[in-house]
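Number of protein chains: 10
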Amino acid sequence: MSIATLDTSEHPGFSTSTQTLFAAKAEKGLNFEQIAQYIGRNEVGTAALFYGQAKARPEDISKLSELFQIPHSELEKQLNGFPHRGKAVEMPPREPLIYRLYEIIQTYGYAYKAILNEKFGDGIMSGVSFSTNVEKETDDDGSSWAVITLRGKW
Amino acid sequence: MSIATLDTSEHPGFSTSTQTLFAAKAEKGLNFEQIAQYIGRNEVGTAALFYGQAKARPEDISKLSELFQIPHSELEKQLNGFPHRGKAVEMPPREPLIYRLYEIIQTYGYAYKAILNEKFGDGIMSGVSFSTNVEKETDDDGSSWAVITLRGKW
Amino acid sequence: MSIATLDTSEHPGFSTSTQTLFAAKAEKGLNFEQIAQYIGRNEVGTAALFYGQAKARPEDISKLSELFQIPHSELEKQLNGFPHRGKAVEMPPREPLIYRLYEIIQTYGYAYKAILNEKFGDGIMSGVSFSTNVEKETDDDGSSWAVITLRGKW
Amino acid sequence: MSIATLDTSEHPGFSTSTQTLFAAKAEKGLNFEQIAQYIGRNEVGTAALFYGQAKARPEDISKLSELFQIPHSELEKQLNGFPHRGKAVEMPPREPLIYRLYEIIQTYGYAYKAILNEKFGDGIMSGVSFSTNVEKETDDDGSSWAVITLRGKW
Amino acid sequence: MSIATLDTSEHPGFSTSTQTLFAAKAEKGLNFEQIAQYIGRNEVGTAALFYGQAKARPEDISKLSELFQIPHSELEKQLNGFPHRGKAVEMPPREPLIYRLYEIIQTYGYAYKAILNEKFGDGIMSGVSFSTNVEKETDDDGSSWAVITLRGKW
Amino acid sequence: MSIATLDTSEHPGFSTSTQTLFAAKAEKGLNFEQIAQYIGRNEVGTAALFYGQAKARPEDISKLSELFQIPHSELEKQLNGFPHRGKAVEMPPREPLIYRLYEIIQTYGYAYKAILNEKFGDGIMSGVSFSTNVEKETDDDGSSWAVITLRGKW
Amino acid sequence: MSIATLDTSEHPGFSTSTQTLFAAKAEKGLNFEQIAQYIGRNEVGTAALFYGQAKARPEDISKLSELFQIPHSELEKQLNGFPHRGKAVEMPPREPLIYRLYEIIQTYGYAYKAILNEKFGDGIMSGVSFSTNVEKETDDDGSSWAVITLRGKW
Amino acid sequence: MSIATLDTSEHPGFSTSTQTLFAAKAEKGLNFEQIAQYIGRNEVGTAALFYGQAKARPEDISKLSELFQIPHSELEKQLNGFPHRGKAVEMPPREPLIYRLYEIIQTYGYAYKAILNEKFGDGIMSGVSFSTNVEKETDDDGSSWAVITLRGKW
Amino acid sequence: MSIATLDTSEHPGFSTSTQTLFAAKAEKGLNFEQIAQYIGRNEVGTAALFYGQAKARPEDISKLSELFQIPHSELEKQLNGFPHRGKAVEMPPREPLIYRLYEIIQTYGYAYKAILNEKFGDGIMSGVSFSTNVEKETDDDGSSWAVITLRGKW
Amino acid sequence: MSIATLDTSEHPGFSTSTQTLFAAKAEKGLNFEQIAQYIGRNEVGTAALFYGQAKARPEDISKLSELFQIPHSELEKQLNGFPHRGKAVEMPPREPLIYRLYEIIQTYGYAYKAILNEKFGDGIMSGVSFSTNVEKETDDDGSSWAVITLRGKW
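Chains as they are written, first to last, in full-length UniProt numbering: chain A, 1 to 154; chain B, 1 to 154; chain C, 1 to 154; chain D, 1 to 154; chain E, 1 to 154; chain F, 1 to 154; chain G, 1 to 154; chain H, 1 to 154; chain I, 1 to 154; chain J, 1 to 154.
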């Protein structure tokens, strides 16, 4: 089974922690499900942490240091700042899988806004009190379905 | 309670059917939940149909003609073509509510890709065998949460 | 004293309510301070309402209908939907006064982020639990100073 | 408590002084409040100086040299030129915290202009005779509020 | 069966002939296969002619005038100029179906170039001595496949 | 006969595998036809694999390791991740040969959509259940013709 | 001698006052030198006023009303608001004459900054306490030279 | 007094001669006024030469070699080609001082064109038979004024 | 033989004179060669005049008025201003024929600059003392060749 | 006399062959006229070859290897691939000399299209069966004129 990797020759500009963590992940041959389970965060949040898009909690640093046998102080130095979010993905995304998600916003954007406004009134879905996860479902025909859930406080 | 409306003076460029349907919706004072229930589609799909982002089924045309008392032939003429999707929302979206959804793709794009690839292998979540819906949840503190679900075949 | 007006020949694309309200404002020769006082909102919020960037409360509609002698039902029809925010100002702004504000973000953006993160931790200043106002100060030399305050929940 | 850091692997293109100062800040583990107090400038101005967006006064160089034990001549060489402002933040900002500030300009731009023009007449808020600061307020419910003030000569 | 139509309210900016021809097509309820057969051109070429992307031959004008009962002189006046190609589709295309074709170029562009150069040497596939067509295939499982062929002189 | 090569001085940003494979290809002096035959994939797919636009199957890695005498483990490490598609070609393409393909989408985009919708109904040509190939034809006058075929499931 | 005119068919989007003033200018056949002399402003400022880029003083409105025999109240209504500057010229300018000025900034921008900083220290040339004018000089060979002067407070 | 410097860490992409000359300027601690006087060119032209925006005359190379004690042959090799103008300043400029100049073109562009056309007829101000300079004036109140003059053959 | 026409429904935004002249050209069925011969200008210049890209001389107005039987005063009013050049063609051009010319600049731009600089020294080819024309050549095989010549003073 | 050179510090991203050839050209002090004469190609084609915009023929490689005393095998390796055209010049060009050529397309684009269509019918000037050259003419007043000719098969 293949695992997600990061080739810095193709993806320059990521933070030092991103490089460190992906190198360790490739070395250990772990997928995000295994890592997420080990550190006790959800899978998407764990991957976001690897890509420098989420703030590491002190216990994340300890667990990752343990799991990957990276000196704690070294990892802490790399993960102790505040994440500079939103820098990773070029927009509009050219990567087809990510583009499909972008296209959903483009196609359903107004529909979401209309429905959300009618259900909740004027306002916004929070991007802070927010969680997201990815599930795999298999239907009766054996086909796989990806289910992405976005849950935010109004 | 306010309902979603469309001011063509602010939003030129929508299809004739979009203008017809929103004018009728405002006239009748119906929200999408009521319309969706009447025509038997999910709410987001119904709103998408109004914005010209989904193909109307023959029964949608009949039901909408009935509900809004618009001559069937007139509505059919407006809804019988194929939707030109993706034209509605300007990207990057400047509307804050829609921008938040866009920002989620920007922030979590790589994380979604990594998780999806690790769970399903190389490939893409279908945008055709695809459904999406919006739910409102209330937690113990009485706070409202918006939950958006995207479900697509792999 | 000049008052802020809107020339639709120069600014097409605003909502019907924006056109109605600015025409009435010019007709009555009122400035936003007077209107804000009448409807009981702060000045920036009142102007934002005129530009279609804020949701009108039922009492705003009543007060404005009264002040400008516009039939209540007509104004309600125009103001009853949900605002489509962010559409008004072209970005980057070419209007010099607005550009100066944009430039402040460009110059101090990272500094604000660093200070806010250090003071509040990881997170974001809310754009919903948010208020803003403009004050005029005069110093000892008789010079005028504009003071803009942004106040948002963390 | 985390402090703001700079990872040059993620943020290439900053001036040599920015790299020097952030490396020293991380080494000493100081936040901007402490540094600002030491050099006697306001916090935002101090951070702006670190990001190369403000001109260092001779006494800033002396104080920073002292605080961080960097040879005075070395720091002077790096900080003696004129700042090339506006280069740091990519616009439109993709970082969510900075984007919120940008969005405020996008949403309230015309409202600010209208209010400022009505209060001060035709003209512009100076970006030179200008100061800005960030305060933290706590309300009765214990919630934190960020207050950003922009003060410019008309 | 639905046929392709053109809603000028959604698609302003097409030539007069495009408007005339699509109105007539909708009126007669014909699809491009039927029209193509009548005028003796391939289907894609016929549709391109309708969208103002191909030059009408004198016999096309006669046939279309006949088929749609539009006075020959009127149609000739509209179709007699030289097509202004490439104006129709906004790039990058936001319409998902057209985007998929665009994405193929984005993904396979270099591969096509490498293969074409190795097979034909340095040079270019002509866009003048060029034809393209669309076929529908059904496989053993009853699934439909779209086959687009591009054929150009080297 | 010239073969397709990759000059990393002109094309930075490709993945490590792309650099490895093109260096080996140049060293061995093989064209894609020969390589495709050896690994048993079609030519375009083989080139796409080289450019990092297609996922390598385990047998591709074995065959390429064999053909180019690159240690299997080294190549596996480089090719084992998931491709980040769409990153290679800058859009709009400035390379004339690739631009011609782009221009075909720009010119015929609406025509393809109309024909495909009329033939298949509402929907999309899959980019996953998809294959493409390039053929060389010679006509009676000895002229060469490039024929590109795109075949996708509806 | 030709005079500067405005064709609204080619230049939509100017303010009502711009349209009124240019129509009157064309009708009277006056050039900006004559108008400037009549209203007592410099030529560039007068033209800027016509293009909606400068605020009209009360006496400008009176003089222009007089000169062009436009009812004072009508002109006052059109000119009484605050100018929305910077909207007129598309940037980068495509008009060759204006492009030359743009190109001067592009070429000499850093040189101006370096010289201004060395002469005046850190700071900015004011765009408010600012005047500009255009002169025509003729040298000994009878050649004409255009001299544009920009004068701003530091 | 500070002098203009160049930090290649912040400004990559300048020519070798720009790097050489700025390093020497910083070393010697000279401002452009002093250098311009030594080589006998005007100040803006001298700075333009340093930024690679002007062609060095043979005597400039000799004088600069002398002044900075750089071997003549080395400097000649760096300065002997033809300048690639316009590459230095990013447009629209984000640097506030340079932006002000850009804004002047944006605001007064049409006014300049109208005045120039009325004074000189159809045509263009030359960018070749062109000179520009910067002067410092002090008014009776002791305030400093920057005066930039652009002089070009018609 | 077809002649060049202008469909204002497809090409809004041209000047009134452009609309007048193309309507008259279509009415009379004349091509540019015939018109150019009648007014005594070269063909490209004549077409440029029609597209509003060249200044009409008084004798051009007289001749065109005569040829098309348009009242002289009406045509003079439309053609008497100064051309706003460069507005017609969208850049990068999407029209394939115009794109080919653009592509030539893209491909050969540096080569032209190198050759011109080596032949003429530092400087620029004038766009004012400039003429251009198009010729048709037929070679021995009966093939047609388009020859475009650009001639500008250095 | 100066010759065209290439400073890779200012122009990164060119191919290895471009770097090799320009370094050799500078070393030998040859201009393109001399090199073109030696290898028997026209001047523009020779420069295009240097900039990586034209395919080297085997005899070009031999001649250049001879002229510059670069080992044949080394040069062949660098020049044996297929050129990736169009990558060199940034568009819109900021270099003034190249911008003038771009501006000609912008100004005369429609005029060229109209004349070419009227002379040749619908179609395109080939970019493959194409040649271009630059000549220097001197008129009776001793003024120099640059004449650029573009010649393409229809």
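Think of the CB as a built atom: it goes at the ideal place given N, C-alpha and C, for glycine as much as any other residue.
It should be emphasised that the depicted structure is a prediction, and the values quoted were computed from it without experimental measurement.
When you compare each of D:Y112, D:A114, D:N117, D:T46 to T107 (chain C) by their alpha carbons, which one comes out closest? Start at 1 with the first residue of the third sequence, and residue 107 (chain C) comes out as number 107. Taking only the C-alpha atoms, the option nearest T107 (chain C) is D:T46.
With 8 Å as the threshold, decide whether the Cβ of I124 (chain D) is near any Cβ in chain G. Locating residue 124 (chain D) in the fourth sequence gives position 124, where the first residue counts as 1. Yes, I124 (chain D) counts as interfacial toward chain G.
Using a Cβ cut-off of 7 Å, which residues of the region 73–85 of chain J contact any Cβ in chain F, in chain order? N80, G81, F82, H84, R85
Looking at the C-beta of G127 (chain A), does it have a partner C-beta in chain C at a distance below 8 Å? Here the question's residue 127 (chain A) lines up with position 127 in the first sequence. Answer yes: the Cβ-Cβ gap between G127 (chain A) and chain C drops below 8 Å somewhere.
Along the beta strand (DSSP E) that carries L150 (chain I), what are the first and last residues, could you check? Here residue 150 (chain I) refers to the residue found at position 150 of the ninth sequence. Here the beta strand (DSSP E) through L150 (chain I) covers 144–153.
Using a Cβ cut-off of 8 Å (strictly closer), state whether N117 (chain D) contacts chain G. By 1-based counting over the fourth sequence, the position of residue 117 (chain D) is 117. So, interface residue.
Determine the direct distance from the alpha carbon of I105 (chain F) to that of K87 (chain F), and round the result to whole angstroms. Taking the sixth sequence and counting its residues from 1, one reaches residue 87 (chain F) at position 87. Taking the sixth sequence and counting its residues from 1, one reaches residue 105 (chain F) at position 105. Their backbone Cα atoms lie some 19 Å apart in a straight line.
Please go through the UniProt domain "Cyanate lyase C-terminal" (87–154) of chain D and give each complete alpha helix (DSSP H) segment of 4 or more residues, from N-terminal end onward. 96–120
Report yes or no: is there a C-beta of chain A within less than 8 Å of the C-beta of E103 (chain E)? Numbered from 1 along the fifth sequence, position 103 holds the residue referred to as residue 103 (chain E). Yes - at least one Cβ of chain A is within 8 Å of the one on E103 (chain E).
In whole angstroms, give me the CA-to-CA distance for P83 (chain F) and F22 (chain F). As a working mapping, residue 83 (chain F) is identified with position 83 in the sixth sequence. As a working mapping, residue 22 (chain F) is identified with position 22 in the sixth sequence. For P83 (chain F) and F22 (chain F), the distance between alpha carbons rounds to 17 Å.
Among C:L97, C:K63, C:G109, C:L79, nearest to M91 (chain D) - alpha-carbon criterion: If you number the fourth sequence from 1, residue 91 (chain D) lands on position 91. Of C:L97, C:K63, C:G109, C:L79, the residue nearest in Cα terms is C:G109.
Relative to the C-alpha of S129 (chain C), which residue among A:D122, A:N133, A:F130, A:V134 is closest? One-based indexing of the third sequence puts residue 129 (chain C) at position 129. Nearest option by C-alpha distance: A:D122.
Which of the three DSSP states is assigned to I3 (chain A) in this structure? Working through the first sequence from its first residue, we reach residue 3 (chain A) at position 3. Note: I3 (chain A) maps to coil in three-state DSSP.
Close-in-space but distant-in-sequence residues of the same chain around V148 (chain C) (CB under 6 Å, 5 per side omitted): Start at 1 with the first residue of the third sequence, and residue 148 (chain C) comes out as number 148. Reading off the sequence, residue 148 (chain C) comes out as Ile, not Val. The residues are V134.
Neighbouring residues, chain F, relative to P96 (chain I) (Cβ below 8 Å): Residue mapping note: residue 96 (chain I) aligns to position 96 of the ninth sequence, counting from 1. What P96 (chain I) touches in chain F: E103, T107.
C-alpha gap between E103 (chain J) and Q53 (chain I), whole angstroms: By 1-based counting over the tenth sequence, the position of residue 103 (chain J) is 103. By 1-based counting over the ninth sequence, the position of residue 53 (chain I) is 53. When rounded, the distance between both Cα atoms is 12 Å.
For residue 155 (chain A), the three-state DSSP class (helix, strand or coil): The structure shown does not extend to residue 155 (chain A), since chain A is modelled only from 1 through 154, so no value can be given for it.
Member of B:H11, B:S131, B:T5 whose CA lies at the smallest distance from the CA of A24 (chain B): By one-based count along the second sequence, residue 24 (chain B) stands at place 24. Of B:H11, B:S131, B:T5, the residue nearest in Cα terms is B:T5.
Excluding the 5 residues preceding and the 5 following Q19 (chain A) in the sequence, name in chain order all residues of the same chain whose CB lies nearer than 8 Å to its CB. Stepping through the first sequence from its first residue, residue 19 (chain A) is reached at position 19. So the qualifying residues of the chain are L6, T8.
Is there at least one Cβ from chain J nearer than 8 Å to K153 (chain E)'s Cβ? Indexing the fifth sequence from 1 puts residue 153 (chain E) at position 153. Cβ-Cβ to chain J under 8 Å: no for K153 (chain E).
Could you work out which residues of chain J lie near P92 (chain G), taking near to mean beta carbons separated by less than 8 Å? Stepping through the seventh sequence from its first residue, residue 92 (chain G) is reached at position 92. Those within 8 Å of P92 (chain G) in chain J are P92.
Report the neighbours of I61 (chain G) on chain H: residues whose CB is nearer than 7 Å to its CB, in chain order. Along the seventh sequence, read from residue 1 onward, the residue named residue 61 (chain G) stands at position 61. Those do not exist, as I61 (chain G) stays about 19 Å from chain H at its closest Cβ, beyond 7 Å.
Between T8 (chain H) and chain G, is there a C-beta pair that is closer than 8 Å? For the purposes of this step, residue 8 (chain H) is taken as residue 8 along the eighth sequence, with counting starting at 1. No, T8 (chain H) lies away from the interface with chain G (no Cβ there is under 8 Å from its Cβ).
What's the call for Q78 (chain J), buried or exposed, on a 16-neighbour Cβ count within 10 Å? As a first step, residue 78 (chain J) is located in the tenth sequence; it is residue number 78 there, counting from the start. With 16 or more other Cβ atoms within 10 Å, it is buried.
Please name the residue, chosen from H:S73, H:M125, H:S131, that lies closest to E27 (chain J) on a Cα-to-Cα basis. Position 27 of the tenth sequence, counted from the start, is the residue given in the question as residue 27 (chain J). The candidate whose alpha carbon is nearest that of E27 (chain J) is H:S73.
In chain J, which residues lie with their C-beta within 7 Å of the C-beta of K55 (chain E)? On the fifth sequence, residue 55 (chain E) is found 55 positions in, with the first residue counted as 1. In chain order: D122.
To the nearest angstrom, how far is the alpha carbon of Q37 (chain E) from that of G127 (chain J)? Along the fifth sequence, one-based indexing puts residue 37 (chain E) at 37. Along the tenth sequence, one-based indexing puts residue 127 (chain J) at 127. The alpha-carbon atoms of Q37 (chain E) and G127 (chain J) are separated by roughly 34 Å.
Throw me the rounded Cβ distance for the R85 (chain G) and E95 (chain C) pair, which I believe falls under 8 Å. Here residue 85 (chain G) refers to the residue found at position 85 when the seventh sequence is read from its first residue. Here residue 95 (chain C) refers to the residue found at position 95 when the third sequence is read from its first residue. Yes, R85 (chain G) and E95 (chain C) are in contact; Cβ-Cβ is about 6 Å, under 8 Å.
For a contact defined as C-beta to C-beta under 9 Å, what are the partners of F14 (chain G) on chain C? Taking the seventh sequence and counting its residues from 1, one reaches residue 14 (chain G) at position 14. Neighbours of F14 (chain G) on chain C, chain order: S9, E10.
Tell whether a beta-carbon distance below 8 Å holds between R100 (chain G) and M125 (chain H). Start at 1 with the first residue of the seventh sequence, and residue 100 (chain G) comes out as number 100. Start at 1 with the first residue of the eighth sequence, and residue 125 (chain H) comes out as number 125. Yes; because the gap between Cβ atoms is below 8 Å, this pair is in contact.
Please determine, among G:T132, G:K153, G:S144, the residue with the shortest C-alpha to C-alpha distance to D140 (chain H). Locating residue 140 (chain H) in the eighth sequence gives position 140, where the first residue counts as 1. When only C-alpha atoms are compared, the closest one is G:K153.
Below 8 Å on the Cβ atoms is my contact criterion, and I expect V44 (chain I) with I115 (chain J) to pass it. Report the Cβ-Cβ distance as a whole number of Å. Counting from 1 along the ninth sequence, the entry for residue 44 (chain I) is found at position 44. Counting from 1 along the tenth sequence, the entry for residue 115 (chain J) is found at position 115. V44 (chain I) to I115 (chain J), Cβ: 6 Å. Contact.
Given this structure, state the Cα-to-Cα distance separating P58 (chain D) from P71 (chain D), to the nearest angstrom. Your numbering for residue 58 (chain D) matches position 58 in the fourth sequence. Your numbering for residue 71 (chain D) matches position 71 in the fourth sequence. C-alpha separation (whole angstroms): 14 Å.
K113 (chain C) CB to nearest chain B CB: under 8 Å? Taking the first residue of the third sequence as 1, we reach residue 113 (chain C) at position 113. No, no contact with chain B.
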